[in-house]
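The sequence shown begins at 1 in the UniProt record's numbering and counts up by one. Cβ coordinates follow ideal geometry from the N, Cα and C atoms, glycine included. Contents: one structure, followed by commentary.
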Amino acid sequence: MAEEKIVIQGSLGLEMFDPATANWKRWLKRFEAGLTVHKVPEAQKVTYLLHFIGPAAFDIICDKLAPAEPHDSTYAALTTALAEFYAPASLEIAEIFRFQTRKQQDGESIKKYVAALHKLSVNCNFGQYLKTALRNQFVYGLTSKRAQSRLLETRDLDFEKAIQIAISMELSETNALCGGRHLANKCKLPRDVVCKKCGTPGHLQKVCMSGKRTNPDTSANQIEEIMLMERSEYQDKFYETMSVNKIPVKFEVDSGAAVTIVSTKTVSELWPKIKLQSTDLRLITFYVDRGPLLGREWIRQLKIQLRENINCLNASTEKQLEAILSRYRNLLDPTSTKIRGIQAKLTCKENAKPVFLKTRTVPFKLLPLVETELNNLVETGIFEKVNASRWATPIVPVLKKNNSIRICEDFSVTTNPNLVIDEHPLPTTDELFTSTAGGEKFTKIDLQHAYLQLEVRPEDRELLTLNTHKGLYQSTRLLYGIASAPAIWQRKMEEVLEGIEGVSTFLDDIRITGPNDRVHLHRLNEVLTRLGRANIRINKSKSEFLKDEIEYCGYVINKNGIRKSPSKIYAIEQMPKPKNVSEAFNRARDNFKSDNVLAHFDPKLPLILATDASAYGVGAILSHRYPDGTERVLQYASQSLSATQQKYPQIDKKAYAIIFGMKKFHQFLYGNKFTLYTDHQPLVQILSQAKPLPRYTAMRMQHYAIFLQAFRFDIKYRNTKLHCNADCLSRLPIKNVTDAKYDVVDVYEIETLQSLPITIPRIASETQKDTELKPIVQAIIEACNRVRNNPAKVETHEWEPATAPFERVHIDYAGPFMGAYFLVLVDAFSKWPSVQIVKNITTQTTIEKCKEIFTDFGLPRILVMDNGQNFCSTEFLKFLQSNGITPKFTAPYHPATNGQAEKFVQTLKISMKKMYNDTRYHKASLEEVVQQLLTQYRNTPHSTTGIAPSERVFKVKMRTRLDLLKPEETKTNTNINSGKKIRQFVEGERVQCRSYRGNEKWSFGKILQRTGKLHYKIALSDGRVWERHIDQIRPTGEATNDADSELDDGAYEEYGEEPETQPEPEPQDGANAPVEENEAPIAPDPVRRSRREIRMPQRYAEFHVGM
1 MAEEKIVIQG SLGLEMFDPA TANWKRWLKR FEAGLTVHKV PEAQKVTYLL
51 HFIGPAAFDI ICDKLAPAEP HDSTYAALTT ALAEFYAPAS LEIAEIFRFQ
101 TRKQQDGESI KKYVAALHKL SVNCNFGQYL KTALRNQFVY GLTSKRAQSR
151 LLETRDLDFE KAIQIAISME LSETNALCGG RHLANKCKLP RDVVCKKCGT
201 PGHLQKVCMS GKRTNPDTSA NQIEEIMLME RSEYQDKFYE TMSVNKIPVK
251 FEVDSGAAVT IVSTKTVSEL WPKIKLQSTD LRLITFYVDR GPLLGREWIR
301 QLKIQLRENI NCLNASTEKQ LEAILSRYRN LLDPTSTKIR GIQAKLTCKE
351 NAKPVFLKTR TVPFKLLPLV ETELNNLVET GIFEKVNASR WATPIVPVLK
401 KNNSIRICED FSVTTNPNLV IDEHPLPTTD ELFTSTAGGE KFTKIDLQHA
451 YLQLEVRPED RELLTLNTHK GLYQSTRLLY GIASAPAIWQ RKMEEVLEGI
501 EGVSTFLDDI RITGPNDRVH LHRLNEVLTR LGRANIRINK SKSEFLKDEI
551 EYCGYVINKN GIRKSPSKIY AIEQMPKPKN VSEAFNRARD NFKSDNVLAH
601 FDPKLPLILA TDASAYGVGA ILSHRYPDGT ERVLQYASQS LSATQQKYPQ
651 IDKKAYAIIF GMKKFHQFLY GNKFTLYTDH QPLVQILSQA KPLPRYTAMR
701 MQHYAIFLQA FRFDIKYRNT KLHCNADCLS RLPIKNVTDA KYDVVDVYEI
751 ETLQSLPITI PRIASETQKD TELKPIVQAI IEACNRVRNN PAKVETHEWE
801 PATAPFERVH IDYAGPFMGA YFLVLVDAFS KWPSVQIVKN ITTQTTIEKC
851 KEIFTDFGLP RILVMDNGQN FCSTEFLKFL QSNGITPKFT APYHPATNGQ
901 AEKFVQTLKI SMKKMYNDTR YHKASLEEVV QQLLTQYRNT PHSTTGIAPS
951 ERVFKVKMRT RLDLLKPEET KTNTNINSGK KIRQFVEGER VQCRSYRGNE
1001 KWSFGKILQR TGKLHYKIAL SDGRVWERHI DQIRPTGEAT NDADSELDDG
1051 AYEEYGEEPE TQPEPEPQDG ANAPVEENEA PIAPDPVRRS RREIRMPQRY
1101 AEFHVGM
């Protein structure tokens, strides 16, 4: 079933139809344009229309179509019915009457008056008389009699000229005293009014000219004396590094300076070729030698956010605050961290069955850290060691930035499904805002460790039993991840602080305000006194006291009221422009920030969090879903990824985007159930709260999953095409400046790898000492010995190494094997194998398959092959010649020359046999088995090069942790055969060469010619000429007994197969035909037959049979 497109109000860039202000025909054109741009299917147009026409028009269409339902009507029928009501056919005389009675209204500008006349003339059918009618009505309806008289006196007056004159006179009539559009003698402004800017009576501040006159003696900065309370720890300067003329410059941010300045010394050092220009601006500085200064002029133009709030405390207030904090500290119990007199209660469902899960495997590197943390929790009374329990939840160790461990628990499939969830309501934003109304200053208190301070009833602690590698532990405190924890904590905190005015509590966050400092300090003292008596600890480093404003739920709260926080739309405001930016981009960004798209938070409406990640950024959008199915945005957020995060796998980037969104919108999401949308299908399964975390999940994903357990959400998949809102923010993220190169998981992995026993000798030594591993090693060796090759008996000579991929390739056929033939091609440089499954081994088939391979990798320079009919044929040789490929043939009966292909043929056969013996491949086709084999072979470092064939061909490094356990390969010298002893013969030397005809195994002859480093032509005693490899030649005088037969067979031992008898190639025409054996005198060769010894069957022993 096709997925339904999600409708988000504002996504069409169109407001709801308002009959009071909108023209139906024009609105409908804009609506249909939006449907076209967003490619809305025809079947959904009716749904879109009925949503966007608004409630008033919807009621009208329901009444007109009754008793039929609007959703059952067609789009054309609906638009026709609405047009009949909102845009009925107009009467020309009525439209002309409306036009001619329209006059300029009080306070209406000339431009707005002209626009109104244009709108009224649309249905008047003036035709060519339009401009004249507009001019006449414009002059007739003007409220300014001066302007009207001037226009009536102007000769050859047209509409455009009339507008120009009227606008000029309108500006001249603007009153200089109050700014109104009337003459001074008609101004009703009292003459004794005083300007707030200059103090002069007779005019208002908005028209004051004193600030517009420039005094050349006035400096850019005015110095005022202020009193300071010096605190050296808060005197650090603010700096910002910016690129100026492509050179990074570090500026000191000074909002008190009007302009941005640098010294002449800095200019000469950074931009020696720039010529300075003179200026009339006069500045005063009190430091001769200082760095670049960033002033308000650039701060505003570059839109640099100054986020430090100005807060003033006098000495008396600060002293009282310190006294209050000191009294609070004295009330705390230094020997205990639990809350006094309060315990949490956990209620199980009826007939709940205990769940006991095994412990998770803890990495060796983390074992000592986990044990240390468990001991600390036991010493502080948070954990208790137990011997048995019906309930058990496995722990997940989470690394912290200080290289310590936080013990987390996975309650998603153990305790939580069996709990009766406490539904105590969290305070709404309206309630929180109401409690802070009327305040002058604001205090925010953060509670330390929150849940871990609240003790759990002894009878309920079995539900919080944790299974570790050290045994079972029960928690005496309320743990992070318990589904009822937010509601229980909220209720307890409200009970502790009940009755104090100006105080609001939201989980571990307490806010206090008051109409003045005296009342504020009194309320703060009462709050801290109650917290101290209950032994509830606060986190002073995260708390703020007596601030002028605070930010909460996307709003800034101060003494003047509530306003929208800049951070709510910061991701849209700072969104970088695309390279092909146009006015449409700016319009879209403005719409995203407008109230047509943004909505106010309503705790009664469902929340939706959509997140996404690109290669370099993450984006998140928090929205409300309304009863009609539409969505409206509450807040946007985006952030660029650090250099380390950009190297994450895509699944980790998508998961981090979820974490980023939840942290960004924590105040909205925590304690509420919401829907989480992602376009990454595997995350829906991994992070589902209805399923346990997989046992061998990567550590980073474990961290993310544990963090998410504190939230209540349903995670759902949304197709990327319908996920464009979050996708857009992730592709245009706000730059995140961070110095962190590694996260805690990366640090752990680096330290682990550094401590690994990565040397082969140490692994072998420790394996020999292990009594359990020795039998396993022995079994592996025995299995390998059954299929391994015999070692080579003689030192082989290797081809000169290729210098580039597919410079020299080796080709051969394998089979028939498993009912098919296999064309094998191996690249000498990269060891990249290609395997083609064929039905026959004809020349035509060979050429077709070679063309397919050469199409992918290009034409090789050299092709090495044996003397098979298909390779020696005239047709195949012409194919090679036409493509500029040099053929190289092996010596007869010496396949070792083509060892690259022969070796892989053996590997192919052995591997396919093993794979078919594996139950996983019983139902696999021959093609699937070959594909799996090639994938593994191409991605595995080759024993010769030490590099995977895929990396040698495509320059792609497929690195794994296993690479660290492999010994380093020594680089192969260019002259690979240097130092090898090679036998040599001289021309004319008498030798014995191997014979493959008749009963004689060796034939005598003389060296006629050396055709290669290891190949010779031999003239036999009977006049024939043979070509043989050096392994098939020996000097005369050596005994030729039966043991000599092993000499030739040794050439094949490294391949594990007996050489197949190859048919003698047919004589070919042309110079390119290879000559295997040249005999003189020329005589027809006898028919080649198998070398098997022909024996007479025993049942014919009594008969004489002539052969």
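Check: 8 Å contact criterion, which LYS673 and PHE707 should meet: CB distance rounded; Outcome: Incorrect: roughly 17 Å between the Cβ atoms, too far for contact.
Check: Terminal residues of the beta strand (DSSP E) in which TRP271 lies; Outcome: Premise fails: TRP271 is in no beta strand (DSSP E) and is neither H nor E.
Check: CB-CB length for residue 1142 against GLY1005, believed under 8 Å; Outcome: No statement about residue 1142 is possible, as the shown extent of the chain runs from 1 to 1107 and does not include it.
Check: Candidates ARG511, PHE985, ARG146 and LEU325: closest to residue 1109 by CA position; Outcome: An answer regarding residue 1109 cannot be provided, because it is not within the stretch 1 to 1107 covered by the chain.
Check: PRO19 versus ARG30 - alpha carbon distance; Outcome: 15 Å
Check: With 16 other Cβ atoms within 10 Å as the buried cut-off, status of GLN490; Outcome: buried
Check: Distance between beta carbons of ILE342 and LEU528, contact taken as under 8 Å; Outcome: At roughly 17 Å, the Cβ-Cβ gap does not stay under 8 Å, so LEU528 and ILE342 are not in contact.
Check: Three-state secondary structure assigned by DSSP to GLN639; Outcome: strand
Check: Delimiting residues of the alpha helix (DSSP H) encompassing GLU371; Outcome: 367-379
Check: Separation of GLU409 from LYS250, as counted between CA atoms; Outcome: 46 Å
Check: Sufficient close CB pairs (3 or more, under 8 Å) joining the region 43-61 to the region 75-86; Outcome: yes
Check: Contact test: LEU634 Cβ vs the ligand FMN heavy atom, cutoff 6 Å; Outcome: The ligand FMN is not part of the structure shown, which contains no ligands of any sort.
Check: PRO394 vs THR361 beta-carbon contact at 7 Å; Outcome: no
Check: CB contact flag (ALA344, LEU497, <7 Å); Outcome: no
Check: Validate contact between the region 989-996 and the region 1027-1034 using beta carbons, cut 8 Å, 3 pairs; Outcome: yes
Check: Whole-angstrom distance between PRO397 and LEU366, CA atom to CA atom; Outcome: 8 Å
Check: Given ARG327 as reference, the closest of GLY295, LEU130, GLU371 and GLY532 once Cα atoms are compared; Outcome: GLY532
Check: Three-state class that DSSP yields for LEU1014 in the structure shown; Outcome: coil
Check: Sequence ranges, alpha helix (DSSP H) only - wholly within the region 665-741, length at least 4; Outcome: 666-669, 681-686, 699-708 and 724-731
Check: Residue nearest to residue 1131 in terms of C-alpha spacing, selected from GLY661, GLY858, THR260 and LEU546; Outcome: Within the shown structure, residues of the chain are numbered from 1 to 1107, placing residue 1131 beyond reach of any answer.
Check: Secondary structure of ASP812, DSSP reduced to three states; Outcome: strand
Check: Spatially closest choice to ASP652 from ALA705, PHE857, ARG632 and GLU373, by CA coordinates; Outcome: ALA705
Check: GLN448 in three-state terms, based on DSSP; Outcome: coil
Check: Whole-angstrom C-beta distance between THR513 and GLY439, which should lie under 8 Å; Outcome: 3 Å
Check: The region 638-652 / the region 615-625 touching (three or more Cβ pairs under 8 Å); Outcome: yes
Check: Selected residue, minimal CA-CA separation from PHE817, among GLY291, THR803 and VAL905; Outcome: VAL905
Check: Residues of its chain near THR842, where Cβ-Cβ distance is below 7 Å and the 5 sequence neighbours each way are ignored; Outcome: ASN870
Check: Endpoints, the beta strand (DSSP E) within which PRO248 is located; Outcome: 247-253
Check: LYS265 versus ARG290, ILE247, ARG282 and GLY868, residue with shortest Cα-Cα distance; Outcome: ARG290
Check: Supposed contact pair SER950 and ARG938 - C-beta distance, whole angstroms, cut 8 Å; Outcome: 5 Å
Check: Spatial neighbours of ARG952 in its chain, beta-carbon cut-off 6 Å, leaving aside the 5 residues before and after; Outcome: SER830
Check: Alpha-carbon spacing of THR132 relative to ASP158, whole angstroms; Outcome: 7 Å
Check: Straight-line Cα distance separating ILE61 from PRO67; Outcome: 11 Å
Check: Per DSSP, the bridge partner or partners of ARG632; Outcome: HIS624
Check: Residue of MET912, ILE811 and PRO733 minimising C-alpha distance to GLY868; Outcome: ILE811
Check: Assigned exposure category for ASP1085 - 16 Cβ within 10 Å defines buried; Outcome: At ASP1085, the pLDDT of 48 sits below 50, so the modelled position is not reliable and the matter cannot be decided from this model.
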